[in-house]
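Participant: One structure coming up, written as structure tokens, with questions to follow.
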Amino acid sequence: MTLILALGCAEGALEITPNPLSWGDVNVHETGCETDEGGCLPEDVVLRNAGDADLTITSSGYDGDYLCISGHPADSDLDLGVLPPGATLLLTTSVCGYNPGDLTTEVSGSISFTTDGADDPDLVWSFTPYRDQGGGDSGI
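With this note's numbering applied, the sequence shown has no gaps in its numbers, which climb one by one up to 142 at the end.
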């Protein structure tokens, strides 16, 4: 999955932390990741405007099959507003789901950011879903 965000004002420089974002091995049975109800294992991601001009942060679509962003429904436009120089924006991300065929296989993707045509860093994310119900069964 790739999410592309368009950002305004070329003088801005976007910093993203943490990056990459990895949940590692995720026991989908114990963590509640087996449902699509808002995700599980929330992790905060900070977007920081390290430049000297405002950044207008938007997205023309957000696909939440694997990754959730709190407060932003899947398959909808994101309007994150204007980020002034030196300011930060907190996004709470979480594991949103997995396909049964993904068990014990790393699932990964990235969110690509651009600032008026200039490339900014991608937020790379990953996790490996597995299913252990207490008996040591990894779930395949």
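Just so it is clear, CB atoms sit at the ideal spot from N, CA and C, and this is done for glycine as well. Small disclaimer: the values here were computed from a predicted structure and weren't measured.
Please go through the same chain and pick out, in chain order, the residues whose beta-carbon is closer than 7 angstroms to the beta-carbon of G83, but skip the five residues on each side of it.
Facilitator: Cβ neighbours of G83 beyond the five flanking positions: I59.
Participant: To the nearest whole angstrom, what separates the beta carbons of V97 and C42, a pair I think is in contact under 8 angstroms?
Facilitator: With 8 angstroms as the limit, V97 and C42 qualify as a contact, their Cβ atoms being about 5 angstroms apart.
Participant: Please list the terminal residues of the continuous beta strand (DSSP E) segment that includes E45.
Facilitator: From DSSP, the beta strand (DSSP E) with E45 extends over C42 to N51.
Participant: Across which residues does DSSP place C70 in a beta bridge pair?
Facilitator: According to DSSP, C70 bridges with S96.
Participant: Taking the alpha carbon of P86 as the point to measure from, which residue in P131, P20, D54 and D67 has its own alpha carbon closest?
Facilitator: Of the listed residues, the one whose Cα sits closest to P86 is D54.
Participant: Do you know offhand how far S72's Cα is from L92's?
Facilitator: Their backbone Cα atoms lie some 10 angstroms apart in a straight line.
Participant: Around the Cβ of V28, are there at least 16 other Cβ atoms within 10 angstroms (buried) or fewer (exposed)?
Facilitator: Buried, by the Cβ-count rule.
Participant: Note the first and the last residue of the continuous alpha helix (DSSP H) segment covering T33.
Facilitator: V30 to T33 is the span of the alpha helix (DSSP H), which, as asked, contains T33.
Participant: According to DSSP, simplified to helix, strand and coil, what is D81?
Facilitator: Note: D81 maps to strand in three-state DSSP.
Participant: For P102, does the three-state DSSP call read helix, strand or coil?
Facilitator: Helix, per DSSP.
Participant: Given a threshold of 16 other Cβ atoms within 10 Å of its Cβ, counted over all protein chains shown, does G99 qualify as buried or as exposed?
Facilitator: Buried is the call here.
Participant: Given a threshold of 16 other Cβ atoms within 10 Å of its Cβ, counted over all protein chains shown, does N51 qualify as buried or as exposed?
Facilitator: The residue in question, N51, is buried, as its Cβ has 16 or more Cβ neighbours within 10 Å.
Participant: State the Cα-Cα distance for the pair G26 and V48, rounded to the nearest angstrom.
Facilitator: Rounded to the nearest angstrom, the two C-alpha atoms are 20 angstroms apart.
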